[in-house]
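See below for the structure under consideration.
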Amino acid sequence: MGRKFAQVLLLLSMSIAAGLRAQNSPPHLIARGVWFMTGDTNGYSNTVVIEMRDYLIVVDANYPGRAKELLAITKQLSPKPVRYVFDTHAHGDHAYGNSVWTAAGATTLAFQGVTDEMNRWEPTRWRNALRSRADLQATGENDVQRPQMSIAGDKLTLNDGTREVDLLFLGWGHTPGDGYVWLPAEKILATGDAAVNGPRNKLLDANIANWPKALDKAIALGPLHVLPGHGDAGGIEVLQGQRQFLVDLYAAVKAQADAGKKPSEMQIELPAPDNVWFPVGRADLRQQDIETVYLEITSHQPAGATPHEWR
Ligand SMILES: [Zn+2]
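In our numbering, the protein residues as written are -16 to 294.
What follows is the structure, given as structure tokens:
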């Protein structure tokens, strides 16, 4: 191989690697009619687009600014309209764009726990975010629009003969309303922030002791593709790693709490693989995680059940 050609190949492979890590990545085709986009600029979450016979399903409404971009992107993917937008949970980066989608004719839906969380925390969180987010200010709205359909129970199946899409509630993990999207034929699982790929998960609204049990159910589905709420797509190892981090963090904090230590006195070192999820180099975020687990242990209820401020 000529040296010049090798250099070109190297540059090409570097640019492909950079492209895979790029923010707001272009739609990546996971299976026929299933696209995944990371959306990590401006606080955006990831997006999944699923093509049905006559319409599209979008997983996570995102922030309003990203929702507007996604309306244009989905038109490039398919001439079919977006009929359903599923909020995996109530956090702003996943749900604050609801009104953008419904104005465009889509129906927003989520598990009942998502609406309950919004009714519990909003509009306080929206108003706090409004100060720093131009896209929220541009809506002229003062509160998040609630999902138009609240799903009771723990499963809703959409099946139009071309594809089955199961919306699943597997228990209180990241938030009380965590919804997963499972495509049984393609073995694709979209997780929202119940599983992320990177140190991106705030635990403030979580049930940290129960979360691994919810992830056990997700792992038992046997997904080939795991599409997280933040970070790159992966396989079942994303679920396993997220689960193990939570188990290890809980155990480490519990051991030190049992020894009489307060969070400010704790030195928590986790096994190296957990550092994908435990924010390396962000002592403040690590401390927040430690304090949140400590709160759950000492309050004898899910961390998210204790009134708290979003920070
Ligand atoms: Zn998120």
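Every residue, glycine too, gets a C-beta built ideally from N, C-alpha and C.
Since the model is a prediction, treat every value here as computed from it, not as a measurement.
The three-state reading of DSSP puts Phe261 in coil, since its state is none of H, G, I, E or B. When Val97, Leu150, Val148 and Gly48 are compared, the shortest CA-CA separation from Gly123 is found for Gly48. Boundaries of the beta strand (DSSP E) harbouring Asn142: Lys138 to Asn142, taken from the DSSP string.
By the criterion of at least three beta-carbon pairs nearer than 8 Å, the region 144 to 163 is in contact with the region 91 to 99. For Trp155, there is no enclosing beta strand (DSSP E), as DSSP marks it with neither H nor E.
A straight-line Cα-Cα distance of about 20 Å links Thr85 and Asp99. Taking 4 residues as the minimum length, the alpha helix (DSSP H) runs contained wholly in the region 69 to 148 are 75 to 78, 81 to 86, 95 to 104, 107 to 113 and 117 to 122, in order along the chain.
Looking at the backbone, the Cα of Pro64 and that of Val41 are separated by about 10 Å. Fully enclosed beta strand (DSSP E) runs of no fewer than 3 residues occupy 208 to 211 of the region 187 to 220, in order along the chain.
Gln284 is classed as exposed because its beta carbon has fewer than 16 other beta carbons within 10 Å across all chains shown.
The three-state reading of DSSP puts Val65 in strand, counting E and B together. In the DSSP annotation of this structure, the continuous segment of the beta strand (DSSP E) that includes Glu34 starts and ends at Thr30 to Glu34.
Checking the 7 Å criterion, the Cβ of His74 is within range of a heavy atom belonging to ligand 1. A straight line joining the alpha-carbon of Leu166 with that of Val148 spans about 5 Å. Listed in chain order, the non-local C-beta contacts of Pro254 below 7 Å within the same chain comprise Asp231, local neighbours out to five positions each way being set aside. Nearest neighbour of Ile13 by Cα position, chosen from His291, Gly154, Ser28 and Glu34, turns out to be Glu34. Between Ala112 and Gly80, the gap from beta carbon to beta carbon reaches 8 Å or more.
Here Pro246 is buried. Its C-beta has 16 or more other C-beta atoms within 10 Å. Using a cutoff of 7 Å, the CB of Asp272 does not count as near ligand 1, since none of the ligand's heavy atoms is closer than that. If you look at Tyr163, you'll find it in the beta strand (DSSP E) that goes Gly162 to Leu166.
For the 8 Å CB-CB criterion, Ala235 and Ile251 form a contact. In the displayed model, Thr174 falls within a strand according to three-state DSSP. Per the coordinates, the alpha-carbon of Ala173 lies some 12 Å from the alpha-carbon of Ser28. Not one heavy atom of ligand 1 sits closer than 7 Å to the Cβ of Asp188. No Cβ-Cβ contact shorter than 8 Å links Pro206 with Lys244.
At a cut-off of 7 Å, the beta-carbon of Gly48 does not count as near ligand 1: no heavy atom of the ligand is closer than that.
With a cut-off of 7 Å, the C-beta of Ser282 is classified as distant from ligand 1, since no heavy atom of the ligand falls inside that distance. Of the residues Asp188, Ser82, Asp143 and Thr145, the one whose Cα lies closest to the Cα of Ala121 is Ser82.
Secondary structure of Ile251 (DSSP, three-state): coil.
In this structure, the beta-carbon distance from Gly181 to His213 falls below 8 Å.
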